[in-house]
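A.B. asks: My questions all concern the structure below.
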Amino acid sequence: MIDIQQLLQIGTFTKPHGLKGEISLSLQNDFDMDECDCVIVPIEGIPVPFFVSEIRGKGAETLLFTIDDIESAEDARMLCGAPVYVDKSLSAGFDDDMLPVNLLVGFEIRDVHHGTVGIITDVDTSTPNTLFLVNDIMIPAAEEYIVSFDDKKRIIEMELPEGLLDL
-7 MIDIQQLLQI GTFTKPHGLK GEISLSLQND FDMDECDCVI VPIEGIPVPF FVSEIRGKGA
53 ETLLFTIDDI ESAEDARMLC GAPVYVDKSL SAGFDDDMLP VNLLVGFEIR DVHHGTVGII
113 TDVDTSTPNT LFLVNDIMIP AAEEYIVSFD DKKRIIEMEL PEGLLDL
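Straight run, no breaks: the sequence shown in the numbering used here ends on number 159.
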């Protein structure tokens, strides 16, 4: 059985490319393409491995995948919209002591002064300062604000700057 905790979402299959089963992937995380011989796609909630024949780039944020046994645009269309995962060890720059920030989506943020703030719905890494999106509030993911981190209960306790939650 595939352990979903050992996987990292690298993107989402978006659309067929051509007529021979190639499929586009919108990339959200870097990974080692040279080592990737298998991707995991949840089918009806069950993680299913798909073996990769070829991966090639198409722009900065799109890859084209050729997958064994996907031989037509119709076959590829069945995977469109599905999240695509790889083993965490294929993540570029992955450090075993760090949790990749995209895996923090779904964690609860609690402030030591205000209690529960909400659930992280997105993580913005487009700027040098990583931000958590919680209830339409951008919260800096700076270490100096994090009081405790419980990955089992999926709770991050923070001491947020005064007035941040009033914005």
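Yeah, the Cβ is synthetic: ideal placement off N, Cα and C, and Gly gets one too. Keep in mind that this is a model prediction, so the values were computed, not measured.
(1) Under DSSP, the beta strand (DSSP E) around D79 begins and ends at which residues?
(2) With E149 and S140 assumed to form a contact (beta carbons below 8 Å), what rounded beta-carbon distance in angstroms separates them?
(3) When DSSP labels each residue in this structure, what does R146 get in the three-state scheme?
(4) Distance, Cα to Cα, L11 vs G155?
(5) Using CA coordinates, which residue listed in L(-1), L96, Q20 is at the minimum distance from T6?
(6) In the DSSP assignment, what are the bridge partners of H9?
(7) Alpha carbons only, please: which of L56, P132, L96 is nearest the one belonging to I147?
(8) State the DSSP-derived secondary structure class of M90, mapped to helix, strand or coil.
(9) Is it true that the CB of I62 sits closer than 9 Å to the CB of I129?
(10) Could you please give the first and the last residue of the uninterrupted alpha helix (DSSP H) stretch that includes D60?
(11) Could you check whether the region 30 to 38 touches the region 59 to 77, counting it as contact only if at least three pairs of C-beta atoms, one from each stretch, sit closer than 8 Å?
(12) Could you give the distance in angstroms between the alpha-carbon of I112 and the alpha-carbon of A133?
(13) Nearest CA to the CA of F99: which residue from F57, G73, I2, D143?
(14) At a cut-off of 8 Å, is H9 close to the ligand FAD when judged by its beta-carbon and the heavy atoms of the ligand?
(15) From the DSSP output, in three-state form, read off Q1 for me.
(16) Where F42 and L157 are concerned, what is the direct C-alpha to C-alpha distance, given to the nearest angstrom?
C.D. replies: Reading off the structure:
(1) 75 to 79
(2) 4 Å
(3) coil
(4) Answer to the nearest angstrom: the Cα atoms are 55 Å apart.
(5) Q20
(6) E14
(7) L96
(8) Residue confidence is low: M90 scores 45 on pLDDT, short of 50, so the model does not pin down where it sits. No coordinate-derived value is stated.
(9) no
(10) No alpha helix (DSSP H) contains D60, which DSSP labels as neither H nor E.
(11) yes
(12) 11 Å
(13) Among F57, G73, I2, D143, the Cα nearest to that of F99 is on D143.
(14) This structure lacks the ligand FAD, and indeed carries no ligand of any kind.
(15) strand
(16) 44 Å
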